[in-house]
Amino acid sequence: DFLHSAASARVLNVATNAGALVWFGSRLELLWLVAILMAIANVSGAVVGTGLALKHGSGFVRRIFVGVVVALIARTAWQAYFTA
Numbered sequence: 353d354f355l356h357s358a359a360s361a362r363v364l365n366v367a368t369n370a371g372a373l374v375w376f377g378s379r380l381e382l383l384w385l386v387a388i389l390m391a392i393a394n395v396s397g398a399v400v401g402t403g404l405a406l407k408h409g410s411g412f413v414r415r416i417f418v419g420v421v422v423a424l425i426a427r428t429a430w431q432a433y434f435t436a
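Start counting the sequence shown at 353; every next residue gets the next number (the working numbering).
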């Protein structure tokens with residue numbers, strides 16, 4: 353169901369973050385403060401999101417997902433048509 357696919361996406365997210373850490377770290381282009389702050393934000397969001405998903409179920413997750421997608425589409429359209 354949708355809840356399991358969201359959990360699988362988190363696993364892939366962690367893997368890509370680890371890959372980015374290795375990539376930029378190997379080139380000595382890693383901004384440690386930014387990396388640490390983003391890691392804290394990522395973990396915090398995952399903990400809060402997991403708690404909400406477990407408490408409210410997959411229907412809640414689906415509504416949030418659709419809402420975020422609609423907001424991103426609206427923002428992209430706004431930027432494409434109303435900004436220089």
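We treat Cβ as the ideally placed atom computed from N, Cα and C, and that holds for glycine.
How is the alpha helix (DSSP H) around Leu380 delimited, first residue to last?
First-last for Leu380: undefined, no H or E at that position.
For the ligand MG, is there any heavy atom lying closer than 7 Å to the beta carbon of Asn369?
In terms of ligand content, the structure shown is empty, and the ligand MG therefore cannot be addressed.
Decide if the region 375-392 is in contact with the region 416-426; the criterion is three or more beta carbon pairs, one per stretch, under 8 Å apart.
They do not touch, by the three-pair rule.
What's the C-alpha gap between Ala398 and Tyr433?
Going from the Cα of Ala398 to the Cα of Tyr433 covers about 33 Å.
Taking the alpha helix (DSSP H) that Thr435 belongs to, which residues open and close that run?
Unbroken run through Thr435: none, as it is neither H nor E.
Examine the Cβ distances between the region 353-370 and the region 392-408 and report whether three or more of them are shorter than 8 Å.
They touch, by the three-pair rule.
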